[in-house]
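**Q** There's a structure below that I have some questions on.
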Amino acid sequence: MNRRGKETGRSRILAPVTDSPECPQLPPAVADARSLVAALLAEGVHEVVLCPGSRSAPLADALADAADAGALRLRVVLDERSAGFIALGAARAHALNGDSRCAAVVTTSGTAVANLHPAVSEADAAGIPLLVISADRPHELVGTGASQTTEQTGLLAPALRLTVDLPADLSADLGSAAAHTAIAGQARRAVAAATGALSRDPGPAQINARFRPPLTTKGAAPAVPPPSGPPATDAAAPTAPLPRAGAQSGERPARGSTQGGRPGVVVAGDTAHPAVGALARALAEHLNWPLLAEPTSQARSGPQALTRYAELLGTRPGRELAGRAGHLVVVGHPSLSRSVTALLGRDDLDVTVLTERARWTDVSGRAHRVIPIDGPGHLSPDDAHHRATRLAGSLGLRPADATWSAAWRQAIADLPEPDLPGSADISADASADASADAAVTAVWEASLLPGAPTLLVGSSMTVRRLDRLARPGGPGHAAPRAVANRGLAGIDGTIATGIGLWMASGRPVRAVMGDLAFLHDAMSMGRGLHEEEADLQVIVVDDGGGTIFSHLEYAHTTASGRFERLFAAPQCASISTLASALGARVHTPEDAAALQALLAEPVDGMSVILWRVGGSSMGARLTPGRHEQR
1 MNRRGKETGR SRILAPVTDS PECPQLPPAV ADARSLVAAL LAEGVHEVVL
51 CPGSRSAPLA DALADAADAG ALRLRVVLDE RSAGFIALGA ARAHALNGDS
101 RCAAVVTTSG TAVANLHPAV SEADAAGIPL LVISADRPHE LVGTGASQTT
151 EQTGLLAPAL RLTVDLPADL SADLGSAAAH TAIAGQARRA VAAATGALSR
201 DPGPAQINAR FRPPLTTKGA APAVPPPSGP PATDAAAPTA PLPRAGAQSG
251 ERPARGSTQG GRPGVVVAGD TAHPAVGALA RALAEHLNWP LLAEPTSQAR
301 SGPQALTRYA ELLGTRPGRE LAGRAGHLVV VGHPSLSRSV TALLGRDDLD
351 VTVLTERARW TDVSGRAHRV IPIDGPGHLS PDDAHHRATR LAGSLGLRPA
401 DATWSAAWRQ AIADLPEPDL PGSADISADA SADASADAAV TAVWEASLLP
451 GAPTLLVGSS MTVRRLDRLA RPGGPGHAAP RAVANRGLAG IDGTIATGIG
501 LWMASGRPVR AVMGDLAFLH DAMSMGRGLH EEEADLQVIV VDDGGGTIFS
551 HLEYAHTTAS GRFERLFAAP QCASISTLAS ALGARVHTPE DAAALQALLA
601 EPVDGMSVIL WRVGGSSMGA RLTPGRHEQR
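For the sequence shown, UniProt numbering gives the first residue as 1, with consecutive numbering after it.
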């Protein structure tokens with residue numbers, strides 16, 4: 001059943017760190033990941049396919065250590081669907097040799113796990129031992145609206161022989177030695193189930209490993225500490241259903257405010273419904289409160305909407321300014337920045353969540369009240385302001401004087417000037433961030449024009465660039481029609497989403513995304529001979545891999561070569577050649593003037609605008625030889 005005697009030497013490579021003064025204790029996530037990888041080695045798992053991700057970072061580092069020591073073969077693959085089948089192929093190779101060993105595929109949390117379903121289904125039907133190792137968020141974040149968090153243990157359940165759900169921080173709760181033993185025991189059960197050692201029914205099994213930050217040996221503490229107790233409640237709060245915002249009669253306060261006349265802030269996150277964004281904007285304007293509106297909130301317009309707000313909240317003046325607030329109104333699904341998440345987690349704010357769905361975002365559990373509002377449909381500016389006025393009155397929220405919003409605008413004006421090239425002479429040879437920022441802001445500016453195409457934004461670094469720099473629409477204009485798949489924030493399926501937007505609306509679509517998001521879904525541009533060509537323009541910011549990871553702690557805690565392989569994962573593909581082969585017209589503007597000229601043209605048919613960030617494009621780094629012919 002196992003090869004523990006044979007593999008013990010290899011597993012010692014990642015033996016657990018003991019609790020002693022001579023051997024400093026690792027962060028629990030790192031220690032637990034090392035224990036899991038050591039257990040897999042002990043059970044004879046020597047082929048692992050790894051998909052880049054943040055929550056899986058502890059596993060990535062442990063796997064790389066084992067691979068460097070020659071204990072396993074590691075392959076890093078961008079697309080989780082492909083990764084699942086590569087692991088399946090490795091397990092089939094063992095079967096051809098008369099061996100029942102399994103191969104493993106490792107993913108981060110969210111849609112990454114769901115992308116394994118085709119390979120898992122095949123392994124189930126064919127009886128191939130396949131081990132899925134899915135990194136996950138801690139249990140307390142499930143169901144709160146936390147980013148990239150879903151019920152992962154049930155996603156693949158019908159096809160699995162066994163699901164093991166490892167809680168976070170086992171080494172902290174049990175001690176390193178006991179945790180190592182417990183993890184090894186669970187891994188042994190998962191491998192036995194996958195190989196059919198006792199059941200004679202081999203197939204896929206899942207180890208769902210939950211990790212709580214810090215995720216590296218030098219990682220920072222989480223931005224929002226877990227609540228020290230249950231959410232604040234009010235024994236006098238009404239037990240009857242709370243009124244719908246904008247109800248014509250019968251409105252009543254949901255709960256008395258404890259913050260008196262202190263002003264507040266409106267936070268607007270991702271939503272699919274323009275009416276929700278319009279209400280958030282109108283509420284901020286009625287109350288004269290600053291509006292922290294994400295690009296896909298349908299609310300980023302008007303005099304109260306701010307740019308660079310997340311950057312401001314990370315500074316001392318910004319924290320002092322936010323400390324003067326007494327109220328917070330949250331609309332939609334805010335999830336783009338740690339500084340806003342920290343604001344939402346403060347326990348000294350009176351927090352109201354407005355939701356058009358049965359689910360709402362309250363990651364820290366601090367919401368004092370949750371108010372249902374209407375979602376689908378459209379609101380005229382006058383209707384939105386009437387509803388906002390009634391809603392504010394029902395909640396006992398008072399308008400602030402003009403100095404409150406002015407103080408926020410001045411604090412943002414006092415921030416150091418961003419390296420944002422607005423002139424037409426910016427080119428891809430500028431610094432990587434400046435060049436990428438120039439491209440995405442040019443796309444956003446084009447979306448502010450009347451009759452602009454629907455804007456689809458990549459869900460990772462691209463939408464965060466816009467969140468930092470995108471100029472709000474003017475007072476007399478609605479927010480841009482901007483969409484991103486921020487429910488679980490995966491980069492998969494972005495191009496396909498754009499085609500669906502075009503198909504159902506009949507409106508042209510302009511999408512902007514990074515090179516990895518494009519390559520992850522490039523085949524969605526293919527179409528049958530008898531299918532209509534979509535009016536979809538895709539702007540690809542080719543910055544040579546997953547740039548978002550360079551803004552996280554892993555860039556500072558991981559050796560440069562390992563960081564590039566495990567996290568940034570630059571690819572060898574020629575984007576222009578691939579896009580052309582799939583039938584798209586390809587443009588490669590050399591500077592911002594050329595890009596802006598392309599954006600000024602109507603979107604007609606399928607096209608790709610490739611904006612190569614100087615020095616970062618993988619194509620620029622390849623030397624002639626096995627990877628490229630010149």
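The C-beta atom is built at its ideal place from N, Cα and C for all residues, glycine as well.
Determine the DSSP secondary structure at T150, reduced to helix, strand or coil.
**A** Reduced to three states, the DSSP call for T150 is coil.
**Q** Run the CB neighbour count on L166, radius 10 Å, all protein chains shown included, and call it buried at 16 or more, exposed below.
**A** Per the 10 Å Cβ criterion, buried.
**Q** Between the C-alpha atoms of R510 and T494, what's the straight-line distance to the nearest angstrom?
**A** If you take the alpha carbons of R510 and T494, they lie about 11 Å apart.
**Q** Does DSSP put S297 in a helix, a strand or coil?
**A** Three-state DSSP puts S297 in coil, outside helix and strand.
**Q** Along the chain, where does the beta strand (DSSP E) that runs through H587 open and close?
**A** Where H587 is concerned, the enclosing beta strand (DSSP E) stretches over R585 to H587.
**Q** So, helix, strand or coil for W289, using DSSP?
**A** Note: W289 maps to coil in three-state DSSP.
**Q** For Q537, list the residues DSSP reports as bridge partners.
**A** R510 and S607, per the DSSP bridge assignment.
**Q** Tell me the residue span of the alpha helix (DSSP H) that contains D433.
**A** D433 -> alpha helix (DSSP H) spans A432 to S447.
**Q** Quick check for students: name the residue ranges of the alpha helix (DSSP H) that lie wholly in the segment 547 to 595, counting only runs of 4 or more.
**A** Those alpha helix (DSSP H) runs which fall completely within the segment 547 to 595 and span 4+ residues are 554 to 557, 560 to 563 and 575 to 581.
**Q** On the CB-based measure, 16 or more other CB atoms within 10 Å of its CB, does R324 come out buried or exposed?
**A** So R324 counts as exposed.
**Q** For D515, list the residues DSSP reports as bridge partners.
**A** Note: D515 sits in no beta bridge, so no partner.
**Q** Quick check on the DSSP output: the beta strand (DSSP E) that includes L63 runs from which residue to which?
**A** No beta strand (DSSP E) holds L63; the alpha helix (DSSP H) holding it covers A57 to D68.
**Q** So who's on the other strand from I371, going by DSSP bridges?
**A** Its beta-bridge partners are L354.
**Q** Any idea what DSSP makes of P274, helix, strand or coil?
**A** If DSSP states are grouped into helix, strand and coil, P274 belongs with the helices.
**Q** Who are G264's beta bridge partners in DSSP?
**A** The partner list for G264 (beta bridge, DSSP) reads H327.
**Q** Apply the 10 Å Cβ neighbour rule to C572 and answer buried if 16 or more other Cβ atoms are within range, or exposed otherwise.
**A** Counting Cβ neighbours within 10 Å, C572 comes out exposed, since fewer than 16 surround it.
**Q** Per DSSP, Q25 forms a beta bridge with which residues?
**A** Beta-bridge pairing links Q25 to no other residue.
**Q** Would you decide whether P118 is buried or exposed? Buried here means 16 or more other CB atoms lie within 10 Å of its CB.
**A** The residue in question, P118, is exposed, as its Cβ has fewer than 16 Cβ neighbours within 10 Å.
**Q** Would you tell me roughly how many angstroms separate the C-alpha atoms of L469 and A322, rounded to the nearest one?
**A** Rounded to the nearest angstrom, the two C-alpha atoms are 20 Å apart.
**Q** Using C-beta distances below 6 Å, list every residue in its chain close to H94, excluding the 5 sequence neighbours before and after it, in chain order.
**A** These residues qualify, in order along the chain: R101.
**Q** Measure the C-alpha to C-alpha separation of A411 and S405 and round it to an integer number of angstroms.
**A** When rounded, the distance between both Cα atoms is 10 Å.
**Q** Please work out which residues of its chain come closer than 6 Å, Cβ to Cβ, to E533, disregarding the five sequence neighbours upstream and downstream, and give them in chain order.
**A** These residues qualify, in order along the chain: G605 and M606.
**Q** Would you list the one or two residues that DSSP bridges to T195?
**A** In DSSP, T195 forms no bridge with anything.
**Q** Going by C-alpha distance, which of I183, V538, A272 and G545 is nearest A42?
**A** Ranking the options by Cα distance to A42, first place goes to I183.
**Q** Exposed or buried, which one is E590 when buried takes at least 16 other CB atoms within 10 Å?
**A** E590 is exposed by the Cβ-count criterion.
**Q** Whole angstroms is fine: what's the gap from L501's alpha carbon to L456's?
**A** C-alpha separation (whole angstroms): 9 Å.
**Q** In this structure, does DSSP put E532 in helix, strand or coil?
**A** E532 falls in the coil class under three-state DSSP.
**Q** My understanding is that P204 touches L155, with C-beta atoms under 8 Å, so please give their C-beta distance in whole angstroms.
**A** P204 to L155, Cβ: 12 Å. No contact.
**Q** Quick one: Cα of M461 to Cα of T296, how far?
**A** In a straight line, the C-alpha of M461 is about 14 Å away from that of T296.
**Q** Over what stretch of residues does the beta strand (DSSP E) that includes I133 continue unbroken?
**A** I133 -> beta strand (DSSP E) spans L130 to D136.
**Q** Can you tell me which residues form a DSSP beta bridge with R612?
**A** The partner list for R612 (beta bridge, DSSP) reads D542.
**Q** DSSP three-state call for R626: helix, strand or coil?
**A** In this predicted model, R626 has a pLDDT of only 32, less than 50, meaning its place in the structure is not dependable; the value taken from the coordinates is given anyway. The answer is coil: DSSP assigns R626 none of H, G, I, E or B.
**Q** Measure how close the beta-carbons of Q298 and H273 come, nearest whole angstrom, since I'm counting them as under 8 Å.
**A** Indeed they touch by this definition, with Cβ atoms about 7 Å apart.
**Q** Could you pull the start and end residues of the beta strand (DSSP E) that D165 belongs to?
**A** T163 to L166 is the extent of the beta strand (DSSP E) around D165.
**Q** Rounded to whole angstroms, what's the CA-CA distance from T352 to D136? Just pull it up for me.
**A** Answer to the nearest angstrom: the Cα atoms are 28 Å apart.
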